[in-house]
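*Asks:*
4 protein chains.
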Amino acid sequence: MTSKNAKPKPARDAAATRKRILKAAKREFAMKGLAGARVDEIADRAEINKRMLYVYFGNKEDLFLAVLEEAYADIRNAEQELKLGHLEPVEALTALIRFTWFYYLKHPEFLRLVNSENLHRARHLKRSARIKEMHSPFVKMIGDLLKRGVATGVFRRGIDPNQLYISIAALGYYYLTNRFTLSVIYGRNLGAAPALDDRRMAIEDMVLRTVLKSPDI
Amino acid sequence: MTSKNAKPKPARDAAATRKRILKAAKREFAMKGLAGARVDEIADRAEINKRMLYVYFGNKEDLFLAVLEEAYADIRNAEQELKLGHLEPVEALTALIRFTWFYYLKHPEFLRLVNSENLHRARHLKRSARIKEMHSPFVKMIGDLLKRGVATGVFRRGIDPNQLYISIAALGYYYLTNRFTLSVIYGRNLGAAPALDDRRMAIEDMVLRTVLKSPDI
Amino acid sequence: MTSKNAKPKPARDAAATRKRILKAAKREFAMKGLAGARVDEIADRAEINKRMLYVYFGNKEDLFLAVLEEAYADIRNAEQELKLGHLEPVEALTALIRFTWFYYLKHPEFLRLVNSENLHRARHLKRSARIKEMHSPFVKMIGDLLKRGVATGVFRRGIDPNQLYISIAALGYYYLTNRFTLSVIYGRNLGAAPALDDRRMAIEDMVLRTVLKSPDI
Amino acid sequence: MTSKNAKPKPARDAAATRKRILKAAKREFAMKGLAGARVDEIADRAEINKRMLYVYFGNKEDLFLAVLEEAYADIRNAEQELKLGHLEPVEALTALIRFTWFYYLKHPEFLRLVNSENLHRARHLKRSARIKEMHSPFVKMIGDLLKRGVATGVFRRGIDPNQLYISIAALGYYYLTNRFTLSVIYGRNLGAAPALDDRRMAIEDMVLRTVLKSPDI
DNA sequence: TATGAATGAGTGTTCATTCAT
DNA sequence: AATGAATGAACACTCATTCAT
Chain A
1 MTSKNAKPKP ARDAAATRKR ILKAAKREFA MKGLAGARVD EIADRAEINK
51 RMLYVYFGNK EDLFLAVLEE AYADIRNAEQ ELKLGHLEPV EALTALIRFT
101 WFYYLKHPEF LRLVNSENLH RARHLKRSAR IKEMHSPFVK MIGDLLKRGV
151 ATGVFRRGID PNQLYISIAA LGYYYLTNRF TLSVIYGRNL GAAPALDDRR
201 MAIEDMVLRT VLKSPDI
Chain B
218 MTSKNAKPKP ARDAAATRKR ILKAAKREFA MKGLAGARVD EIADRAEINK
268 RMLYVYFGNK EDLFLAVLEE AYADIRNAEQ ELKLGHLEPV EALTALIRFT
318 WFYYLKHPEF LRLVNSENLH RARHLKRSAR IKEMHSPFVK MIGDLLKRGV
368 ATGVFRRGID PNQLYISIAA LGYYYLTNRF TLSVIYGRNL GAAPALDDRR
418 MAIEDMVLRT VLKSPDI
Chain C
435 MTSKNAKPKP ARDAAATRKR ILKAAKREFA MKGLAGARVD EIADRAEINK
485 RMLYVYFGNK EDLFLAVLEE AYADIRNAEQ ELKLGHLEPV EALTALIRFT
535 WFYYLKHPEF LRLVNSENLH RARHLKRSAR IKEMHSPFVK MIGDLLKRGV
585 ATGVFRRGID PNQLYISIAA LGYYYLTNRF TLSVIYGRNL GAAPALDDRR
635 MAIEDMVLRT VLKSPDI
Chain D
652 MTSKNAKPKP ARDAAATRKR ILKAAKREFA MKGLAGARVD EIADRAEINK
702 RMLYVYFGNK EDLFLAVLEE AYADIRNAEQ ELKLGHLEPV EALTALIRFT
752 WFYYLKHPEF LRLVNSENLH RARHLKRSAR IKEMHSPFVK MIGDLLKRGV
802 ATGVFRRGID PNQLYISIAA LGYYYLTNRF TLSVIYGRNL GAAPALDDRR
852 MAIEDMVLRT VLKSPDI
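Protein chains in written order, with the numbering used here: chain A, 1 to 217; chain B, 218 to 434; chain C, 435 to 651; chain D, 652 to 868.
(1) Buried or exposed for residue 418 of chain B, going by 16 or more other Cβ atoms inside 10 Å?
(2) At the 7 Å Cβ level, is residue 444 of chain B part of the contact set with chain A, yes or no?
(3) Nearest chain C C-beta to residue 706 of chain D closer than 7 Å, yes or no?
(4) Using a Cβ-Cβ cut-off of less than 7 Å, list which residues of the segment 776-789 of chain D approach chain C; keep chain order.
(5) Using 8 Å as the cut-off, can you tell me whether the segment 554-567 of chain C makes contact with the segment 823-843 of chain D, which would need three or more C-beta pairs spanning the two stretches below that distance?
(6) Could you pull out every residue in the same chain whose Cβ sits closer than 7 Å to the Cβ of residue 584 of chain C, ignoring the five residues on either side in sequence?
(7) Do three or more CB pairs link the segment 205-215 of chain A to the segment 161-175 of chain A at distances below 8 Å?
(8) Considering just the uninterrupted stretch of the alpha helix (DSSP H) at residue 745 of chain D, what are its terminal residues?
(9) Does any C-beta atom of chain C lie closer than 7 Å to the C-beta of residue 658 of chain D?
(10) Can you say whether residue 346 of chain B is buried or exposed, counting buried as having 16 or more other CB atoms within 10 angstroms of its CB?
(11) Could you tell me whether any non-hydrogen atom of the ligand ZN is closer than 6 Å to the CB of residue 401 of chain B?
(12) Going by alpha carbons, who is nearest to residue 80 of chain A out of A/142, A/24, A/46 and A/13?
(13) Short of 6 Å in beta carbon distance, which residues of its chain neighbour residue 41 of chain A, apart from the five on each side in sequence? Order them along the chain.
(14) Do you know offhand how far residue 546 of chain C's Cα is from residue 464 of chain C's?
(15) For residue 538 of chain C, which of C/449, C/609 and C/486 has the nearest alpha-carbon?
(16) Does the beta-carbon of residue 7 of chain A have 16 or more other beta-carbons within 10 angstroms, so that it is buried, or is it exposed?
(17) Can you tell me which of B/314, B/256 and B/231 puts its alpha carbon nearest to the alpha carbon of residue 428 of chain B?
(18) How would you label residue 435 of chain C, buried or exposed, when you count the other beta carbons within 10 angstroms and need 16 or more for buried?
(19) Report the rounded CA-to-CA distance for residue 506 of chain C versus residue 581 of chain C, giving the unit in angstroms.
(20) By the DSSP assignment, the alpha helix (DSSP H) with residue 430 of chain B in it spans what residues?
(21) Give me the DSSP bridge partner(s) of residue 806 of chain D.
(22) I'd like to know if residue 338 of chain B contacts chain A, where contact means its C-beta is closer than 7 Å to some C-beta of that chain.
(23) Pull up the CB-CB distance for residue 252 of chain B and residue 35 of chain A, whole angstroms please, since I reckon it's below 8 Å.
(24) Within its chain, find whatever has a CB closer than 7 Å to the CB of residue 796 of chain D; leave out the 5 residues flanking it on each side and keep chain order.
(25) Report the option in C/480, C/459, C/633 and C/450 whose CA atom is closest to the CA atom of residue 502 of chain C.
(26) For residue 562 of chain C, does the three-state DSSP call read helix, strand or coil?
(27) Can you tell me whether DSSP reads residue 198 of chain A as helix, strand or coil?
(28) Can you find a C-beta in chain C that's less than 7 Å from the C-beta of residue 818 of chain D?
(29) Going by the beta-carbon positions, is the gap between residue 256 of chain B and residue 277 of chain B smaller than 7 Å?
(30) Going along chain D, which residues have a C-beta under 8 Å from residue 597 of chain C?
(31) With C-beta atoms as the reference, is residue 750 of chain D less than 7 Å away from residue 733 of chain D?
(32) What is the DSSP secondary structure of residue 795 of chain D, reduced to helix, strand or coil?
(33) So with CB distances below 8 Å, who are the chain B contacts of residue 160 of chain A?
(34) Among C/572, C/521, C/500 and C/551, which one has its Cα closest to the Cα of residue 586 of chain C?
(35) Between which two residues does the alpha helix (DSSP H) carrying residue 253 of chain B extend?
(36) Use the C-beta contact count for residue 850 of chain D: other C-beta atoms within 10 angstroms, 16 or more gives buried, fewer gives exposed.
Written out as structure tokens, the structure is:
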């Protein structure tokens with residue numbers, strides 16, 4: 001008997017086909033950007049007829065948006081799983097910094113996709129309703145975390161939660177995306193394991209010094 | 218007589234032709250990236266025959282490298298002009314942070330070019346001799362600045378100058394390049410003047426808190 | 435119980451399904467021609483599965499022929515209803531001219547379908563048995579009309595009934611199908627109501643002058 | 652020596668290339684209409700690289716307009732050569748009727764192109780400045796001809812010159828473009844030489860009867 | 001040094017038709 | 001009888017680069 005669960009290519013299973021297209025598209029868009037990505041390549045990798053891609057997603061740009069939405073959903077979901085609300089403020093902040101670093105490190109495709117979208121001035125994301133609703137609990141979470149820290153006396157007052165998260169993201173994102181030119185400039189491989197570890201510690205140090213009332217680190 | 222100073226298009230002036238090509242190419246590469254840039258568009262804007270572009274620069278990728286080298290030279294030269302060595306350490310550091318922010322803000326093409334190059338894993342820059350030699354005084358300058366601050370007792374010990382500069386760059390670069398998706402996520406225009414000012418202050422605050430011995434800000 | 439009279443989509447009613455397909459196809463073929471018509475669009479409009487279209491009509495070209503046959507049947511039936519045999523020759527001829535003009539005016543899809551078929555050199559119609567049999571009474575009718583007029587002394591002798599009908603059709607068809615380019619050439623909108631009326635009168639005048647023994651118009 | 656006049660493909664001669672493209676395009680558009688025409692086929696027939704087609708004409712639709720403009724220019728130029736102003740009114744009118752018929756007969760591509768353009772509601776022609784200016788002397792010529800005939804007492808008063816020319820065109824155009832379906836309906840080949848001659852005479856008769864004061868034909 | 005003409009491989013997208021259920 | 005999934009060939013248009021003068 002031919003099993004429906006055969007991994008490579010379950011015939012006539014719309015949901016599975018959709019998923020295969022999304023997966024292949026994420027890979028291709030991350031590797032080559034929106035313009036550089038090849039629809040043919042996506043179709044080949046997804047083992048579908050190119051036509052299906054248009055049936056399921058409309059066109060290349062809409063497919064890109066779908067990929068982007070999924071990528072944002074993935075990181076926000078993973079963040080939720082940290083249950084930062086159940087941790088002490090300092091622990092929670094440290095956990096968030098580390099999570100962000102390691103998520104960026106392990107998901108370079110997320111960085112590339114976000115990068116691509118910004119090169120297009122968020123043209124696609126602006127049209128997305130999902131994105132906005134997906135981020136309101138996230139924004140609230142950071143705000144709550146800071147408030148709790150201030151309340152327990154460990155965090156300074158007056159820190160803008162948005163600026164803080166942007167900084168946490170920035171310190172990791174920039175290093176990881178720009179480590180290639182930086183490696184040329186500094187004449188050493190900033191992508192090597194020890195260098196990566198150094199960077200992570202530098203980030204933790206910088207953020208905590210900024211937030212903690214008395215950073216006796 | 219044909220004047221060398223005739224602005225629009227001095228015939229048969231190799232240096233001027235080269236400059237016009239570089240200027241047009243910088244614009245085009247910054248706007249559309251390496252793959253998206255059009256050789257025809259560059260030639261049209263530079264008011265030269267497309268063939269000349271190949272005579273002067275070999276091919277599209279070599280032209281991209283030339284543009285990139287010039288862009289790096291420009292920012293490093295502007296940095297040199299700050300004469301940070303003549304300022305007190307704290308003033309010098311503040312000046313560097315501000316310079317970096319405003320340079321990024323006023324030269325989005327620099328950010329785009331660096332971004333493009335990193336998408337290609339610094340493939341072009343690696344082949345460049347100019348880049349490396351151009352950065353050694355820059356790296357030294359940051360190191361000297363930190364040492365002076367430590368010596369005068371205003372900066373903490375043990376700060377890695379490379380990490381520090383990367384952080385200064387990161388905090389501005391990430392915000393400016395990613396402000397489009399961030400604006401969608403936060404539901405407000407992070408590119409507006411007040412938001413830009415808020416960000417600059419947040420960056421200064423964060424860096425100084427990290428470096429200063431007792432940040433009584 | 436499922437009613438046969440349910441308007442929107444009576445399930446499993448072969449005759450009704452066939453009609454819905456034909457109606458949607460007529461619209462689509464008239465609007466976009468044979469090549470331009472989209473099978474998907476026809477299926478969507480007919481609210482049927484695309485596959486059914488092939489079950490009922492074989493393929494796109496056979497469907498086109500079915501549409502065409504129906505369109506010819508419609509105009510010939512409407513003509514029969516004029517009962518020209520019951521009118522005086524002059525009245526009958528005038529009625530035929532007016533009918534032809536207004537039918538063309540109110541059924542642009544008929545003109546478009548005939549036009550499409552001629553672009554294909556009547557490839558489909560040639561295979562149709564229905565068309566030939568459907569036209570023999572029509573041809574006879576025009577002939578009889580002329581004979582009666584000659585017999586009663588109002589029409590000239592020697593008029594070829596086929597040429598006459600072709601002229602009647604031509605004078606209206608050409609104006610209506612080509613009014614777009616003609617409007618550009620003459621610099622005014624030949625599709626406006628007054629222009630349409632002018633044209634109708636010019637046609638009646640021309641045909642009657644050609645047929646009547648002494649056209650004291 | 653290699654001659655520049657070598658017919659098949661004079662290399663690097665822009666004007667000749669342009670002409671070859673136009674010629675091939677006219678053929679292809681006439682045969683298959685705007686949508687049905689294949690850019691590849693045009694390029695192959697013109698023995699050019701497809702890219703040149705876009706360099707010279709922008710895109711398929713602009714090429715279509717260029718073809719259309721040329722086709723109109725050709726017939727209007729040929730009409731001018733009749734020097735109708737130098738003939739007696741009746742002779743001139745007869746010459747115009749015959750010319751129109753034979754031009755349509757010998758240039759089926761003109762009929763097809765005009766037909767295509769009307770299927771698109773003269774979308775392209777509306778954008779053309781050339782067309783309008785090219786037709787004002789033509790419109791004037793027909794008007795003058797009628798006036799002269801009225802002045803010399805051979806033509807009736809009150810004939811609208813535009814309606815008259817439209818009728819002359821209609822009587823030939825409709826027959827020639829629709830002779831395929833008409834042949835099926837009448838059961839004989841209306842494209843055969845004797846049938847064509849019959850039609851031409853019927854047209855001349857009809858037009859003259861309409862215009863002449865006392866048509867003693 | 002400089003030019004305008006030319007190329008060929010490749011892009012995203014579309015479509016009538018058939019398959020599997 | 002009816003459906004949703006799938007196909008493969010084609011289409012208009014683009015691009016970096018080279019040729020001929």
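Just so it is clear, CB atoms sit at the ideal spot from N, CA and C, and this is done for glycine as well.
*Replies:* Considering the structure as presented:
(1) Against the second sequence, residue 418 of chain B aligns to sequence position 201. Its Cβ having fewer than 16 others within 10 Å, residue 418 of chain B is exposed.
(2) Nothing can be reported for residue 444 of chain B, as the shown portion of chain B is limited to 218 through 434.
(3) Indexing the fourth sequence from 1 puts residue 706 of chain D at position 55. Not closer than 7 Å to any Cβ of chain C, the Cβ of residue 706 of chain D fails to qualify, so no.
(4) 776, 777, 782, 783 and 786
(5) yes
(6) As a first step, residue 584 of chain C is located in the third sequence; it is residue number 150 there, counting from the start. Counting only residues of its own chain and dropping the five nearest sequence neighbours on each side, residue 584 of chain C has a CB closer than 7 Å to the CB of 591.
(7) yes
(8) One-based indexing of the fourth sequence puts residue 745 of chain D at position 94. Start and end: 740-757.
(9) For this step, residue 658 of chain D is matched to residue 7 along the fourth sequence. Residue placement at residue 658 of chain D is poorly supported in this model, since its pLDDT is 47, which falls under 50; the coordinates are not used for a value here.
(10) Here residue 346 of chain B is taken as the residue at index 129 of the second sequence, counted from 1. Burial call: exposed.
(11) You won't find the ligand ZN in this model; it holds no ligand whatsoever.
(12) Stepping through the first sequence from its first residue, residue 80 of chain A is reached at position 80. Taking only the C-alpha atoms, the option nearest residue 80 of chain A is A/142.
(13) Position 41 of the first sequence, counting from 1, holds the residue named residue 41 of chain A. Here the set comprises 28.
(14) By one-based count along the third sequence, residue 546 of chain C stands at place 112. By one-based count along the third sequence, residue 464 of chain C stands at place 30. One Cα belongs to residue 546 of chain C, the other to residue 464 of chain C, and the distance between them is close to 5 Å.
(15) Position 104 of the third sequence, counted from the start, is the residue given in the question as residue 538 of chain C. Closest option to residue 538 of chain C, Cα to Cα, is C/609.
(16) Taking the first sequence and counting its residues from 1, one reaches residue 7 of chain A at position 7. Residue placement at residue 7 of chain A cannot be trusted, given a pLDDT of 47 that sits under 50; what the coordinates show is reported in the next sentence. Exposed, because fewer than 16 other Cβ atoms sit within 10 Å of the Cβ of residue 7 of chain A.
(17) For the purposes of this step, residue 428 of chain B is taken as residue 211 along the second sequence, with counting starting at 1. Out of B/314, B/256 and B/231, B/314 has the C-alpha closest to the C-alpha of residue 428 of chain B.
(18) Taking the third sequence and counting its residues from 1, one reaches residue 435 of chain C at position 1. Residue confidence is low: residue 435 of chain C scores 39 on pLDDT, short of 50, so the model does not pin down where it sits. Its coordinate-derived value is still stated next. With fewer than 16 Cβ atoms within 10 Å of its Cβ, residue 435 of chain C is classed as exposed.
(19) If you number the third sequence from 1, residue 506 of chain C lands on position 72. If you number the third sequence from 1, residue 581 of chain C lands on position 147. Straight-line Cα distance between these residues: approximately 25 Å.
(20) Position 213 of the second sequence, counting from 1, holds the residue named residue 430 of chain B. Looking at the DSSP string, residue 430 of chain B is not in any alpha helix (DSSP H), and its letter there is neither H nor E.
(21) In the fourth sequence, the residue the question calls residue 806 of chain D occupies position 155. DSSP, once it has assigned bridges, lists D/863 as partnering residue 806 of chain D.
(22) Translated into the one-based positions of the second sequence, residue 338 of chain B becomes position 121. Yes, residue 338 of chain B counts as interfacial toward chain A.
(23) Sequence index remark: in the second sequence, residue 252 of chain B carries index 35 (1-based). Sequence index remark: in the first sequence, residue 35 of chain A carries index 35 (1-based). Going by Cβ atoms, the distance from residue 252 of chain B to residue 35 of chain A rounds to 6 Å, so yes, they are a contact pair.
(24) Taking the first residue of the fourth sequence as position 1, residue 796 of chain D is located at position 145. Cβ neighbours of residue 796 of chain D beyond the five flanking positions: 735, 740, 743 and 744.
(25) Position 68 of the third sequence, counting from 1, holds the residue named residue 502 of chain C. Comparing Cα positions, the closest option is C/459.
(26) Working through the third sequence from its first residue, we reach residue 562 of chain C at position 128. Note: residue 562 of chain C maps to coil in three-state DSSP.
(27) Along the first sequence, read from residue 1 onward, the residue named residue 198 of chain A stands at position 198. Helix at residue 198 of chain A.
(28) The residue you call residue 818 of chain D lines up with position 167 of the fourth sequence. With 7 Å as the cut-off, residue 818 of chain D counts as an interface residue toward chain C.
(29) By 1-based counting over the second sequence, the position of residue 256 of chain B is 39. By 1-based counting over the second sequence, the position of residue 277 of chain B is 60. Contact flag set, yes.
(30) Locating residue 597 of chain C in the third sequence gives position 163, counting from the first residue. Under the 8 Å cutoff, chain D gives 849, 850 and 853.
(31) Residue numbering aside, residue 750 of chain D sits at position 99 when the fourth sequence is read from its first letter. Residue numbering aside, residue 733 of chain D sits at position 82 when the fourth sequence is read from its first letter. Their beta carbons are under 7 Å apart, which means residue 750 of chain D touches residue 733 of chain D by this criterion.
(32) Taking the fourth sequence and counting its residues from 1, one reaches residue 795 of chain D at position 144. Correct three-state label for residue 795 of chain D: helix.
(33) The sequence position of residue 160 of chain A within the first sequence is 160, counting from 1. Neighbourhood of residue 160 of chain A in chain B, by CB distance below 8 Å: 415 and 419, in chain order.
(34) As a first step, residue 586 of chain C is located in the third sequence; it is residue number 152 there, counting from the start. It is C/521.
(35) For the purposes of this step, residue 253 of chain B is taken as the residue at position 36 of the second sequence. Start and end: 231-253.
(36) Position 199 of the fourth sequence, counting from 1, holds the residue named residue 850 of chain D. It is buried - the Cβ of residue 850 of chain D has at least 16 other Cβ atoms within 10 Å.
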